[in-house]
Every structure is written in C-alpha cells, then in structure tokens.
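Each residue of the sequence shown is one higher than the one before, starting from 35 at the first, in the working numbering.
Virtual Cβ for every residue (Gly too), placed ideally from N, Cα, C.
Contents: one structure, followed by commentary.
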Amino acid sequence: LDHESVEMVPAEPKLSLGQRLKRPWKDSLELMRSRPEFSSFQWGFMACGFGIMLIQPVLPLFAVDELGISNVEMAAAISVARGLGFVVSSPLWGRWIEEVPLLRLTSFVFLGFGLFPLLLSLAPSSLVWLYVAYFWYGIAQGGSHLVWNMSGPIFAGKEGSARYTGVNVVMAGLRGGVAPPLGGVLGSVWGSVEVLIAGALLCVTSGLYMLKSRFVEKKNFS
Numbered sequence: 035l036d037h038e039s040v041e042m043v044p045a046e047p048k049l050s051l052g053q054r055l056k057r058p059w060k061d062s063l064e065l066m067r068s069r070p071e072f073s074s075f076q077w078g079f080m081a082c083g084f085g086i087m088l089i090q091p092v093l094p095l096f097a098v099d100e101l102g103i104s105n106v107e108m109a110a111a112i113s114v115a116r117g118l119g120f121v122v123s124s125p126l127w128g129r130w131i132e133e134v135p136l137l138r139l140t141s142f143v144f145l146g147f148g149l150f151p152l153l154l155s156l157a158p159s160s161l162v163w164l165y166v167a168y169f170w171y172g173i174a175q176g177g178s179h180l181v182w183n184m185s186g187p188i189f190a191g192k193e194g195s196a197r198y199t200g201v202n203v204v205m206a207g208l209r210g211g212v213a214p215p216l217g218g219v220l221g222s223v224w225g226s227v228e229v230l231i232a233g234a235l236l237c238v239t240s241g242l243y244m245l246k247s248r249f250v251e252k253k254n255f256s
C-alpha cells in the first residue's frame, strides 16, 4: 500500500483551568472596548438588570408585610397579570424592533421596568395596583426578552453573533451573582419599599443613560 504523506497540524495548546475561567471575561472586555455602541448597550442593561434582580428577594416580604397576602396570591398575580402583559405586548415589540433604533427601544424597556416598582409601591392602598404593576412588568419583560435575544445578531451584522451573545450571558451572570444577595441584605436593613425604590432608580437611570447615548438613533451597527 502506498502511504501518502500527511502534513501534521500542531494541536492547539490546552488551556489551564484559570485561563478557561478568565477567557470569557477577557473576550467580553475586548469586544466592548472595540465596539463602544455595544458597550453602551451592555452597561445600560447591566444597570437595569441589576435593579430588577435587586428587588426580587424583597418581593415575598413586601407581599406579606405590606400587602398582607399569601405567597400563593402573589404567585397568582405574577403568573396571570405578568403573563397577560407579556403576551399582549410581544407582537408590538416585534414590530417596533424593526422600526425603532435598538438603543432607543431599549431605553423604553428600561423606563418601563422603572415604573414597575413604583406601581407596586401603590399596592398597599389597593390590591388593584398589584395586578396593574405585574401587567406592566409583563409588558416590559416582553420588550426585554426580544431586545436581549436580538441584540447579538443586530450588533454583529454580517459577523457571527456568538461573541455578542456570549457577552450578554457573561454580564447576566455577573449581575445575577451580586444583585439578589445584595437585595436580600438591603431588604433586612432598609425594608422592602426602600429596596423597590432603589431598583426603580437604577432602571430609570439606565433608561435615561441609554437615551443620552450618541448611538441612540443608530439603526445599523455593522
């Protein structure tokens, strides 16, 4: 049998555990430094997402201490009102993302989330506000879900979107590891209403930050 010579391709060096852990963070920082419009999007999403996650641990306390309702009643408000808001608004968000520049649309999402804790803080006067608040949360969540998932392909343009989606995941993991424990601590020190207000301020600030971005009217990032 004739044996053809085969060119040997050197194997890529194996990365150590430390290198594998640092690589996603390093790649994320490099991409954000090279794409300032993507960086604006990410830092805005970080502030708003941090605010939403911050209030999650105090919601059961708010339901029991401020509203005097059980967790079952709270879960009903969440599942029914929020789900209805999500379903009703999703077609509208889908149409708007084709017509409105991404950062401007994202600012509307953030400002919508900022209104949720403020509406919820009115619930002690009437439980109607509890359902209004979660219906509004569902509307904002519908926009957030679409914007978060479409941001990678929109920013990537003709490139592969995996790097951009990877940054989304890394940043979500970062705020997810810090915000809920911090919210629990602040809830025990400040109280649930104060944490709701803090979360609202973060969301509103991120929405205003996005509106002031120099890329807010840009539709094509490729």
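Where does residue i sit, in a helix, a strand or coil, going by DSSP?
{"i": "residue 233", "result": "helix"}
{"i": "residue 251", "result": "coil"}
{"i": "residue 225", "result": "coil"}
{"i": "residue 67", "result": "helix"}
{"i": "residue 60", "result": "helix"}
{"i": "residue 107", "result": "helix"}
{"i": "residue 193", "result": "coil"}
{"i": "residue 159", "result": "coil"}
{"i": "residue 43", "result": "Only weak support exists for where residue 43 lies, its pLDDT of 49 falling under 50; the value from the coordinates is given anyway. Residue state, collapsed to three classes: coil."}
In the DSSP assignment, the alpha helix (DSSP H) including residue i goes from what residue to what residue?
{"i": "residue 138", "result": "136-154"}
{"i": "residue 112", "result": "Per DSSP, residue 112 belongs to no alpha helix (DSSP H) and is neither H nor E."}
{"i": "residue 187", "result": "162-190"}
Using 8 Å for Cβ pairs, my map puts residue i next to residue j. What's the rounded Cβ distance?
{"i": "residue 172", "j": "residue 116", "result": "4 Å"}
{"i": "residue 137", "j": "residue 75", "result": "6 Å"}
{"i": "residue 227", "j": "residue 71", "result": "Not confirmed; about 36 Å, so no contact."}
{"i": "residue 16", "j": "residue 89", "result": "The requested residue 16 does not occur in the structure, where the chain is confined to residues 35 to 256."}
{"i": "residue 238", "j": "residue 62", "result": "So it is not a contact: roughly 26 Å between Cβ atoms."}
{"i": "residue 168", "j": "residue 111", "result": "5 Å"}
By alpha-carbon positions, which one of the options ends up nearest to residue i?
{"i": "residue 214", "options": "186, 155, 224 and 92", "result": "92"}
{"i": "residue 205", "options": "84, 68 and 70", "result": "84"}
{"i": "residue 174", "options": "122, 187, 195 and 161", "result": "122"}
{"i": "residue 73", "options": "217, 198 and 232", "result": "198"}
{"i": "residue 26", "options": "59, 140 and 233", "result": "Beyond the ends of the chain as shown, which are 35 and 256, falls residue 26; an answer cannot be given."}
{"i": "residue 233", "options": "155, 125, 102 and 64", "result": "155"}
{"i": "residue 236", "options": "144, 183 and 224", "result": "144"}
{"i": "residue 263", "options": "165, 104, 142 and 62", "result": "The question about residue 263 has no answer, for the chain in this structure spans 35 to 256."}
{"i": "residue 177", "options": "125, 97 and 104", "result": "125"}
{"i": "residue 241", "options": "113, 79, 166 and 107", "result": "79"}
{"i": "residue 170", "options": "161, 148, 224 and 188", "result": "148"}
{"i": "residue 186", "options": "223, 107 and 255", "result": "255"}
{"i": "residue 252", "options": "131, 218 and 220", "result": "131"}
{"i": "residue 249", "options": "203, 135, 59 and 153", "result": "135"}
Nearest chain B C-beta to residue i closer than 8 Å, yes or no?
{"i": "residue 207", "result": "Annotation note: the requested chain B is absent from the structure, which comprises a single protein chain."}
(message) For a minimum of 4 consecutive residues, which ranges assigned as the alpha helix (DSSP H) are wholly contained in the region 69-105?
(response) 70-89
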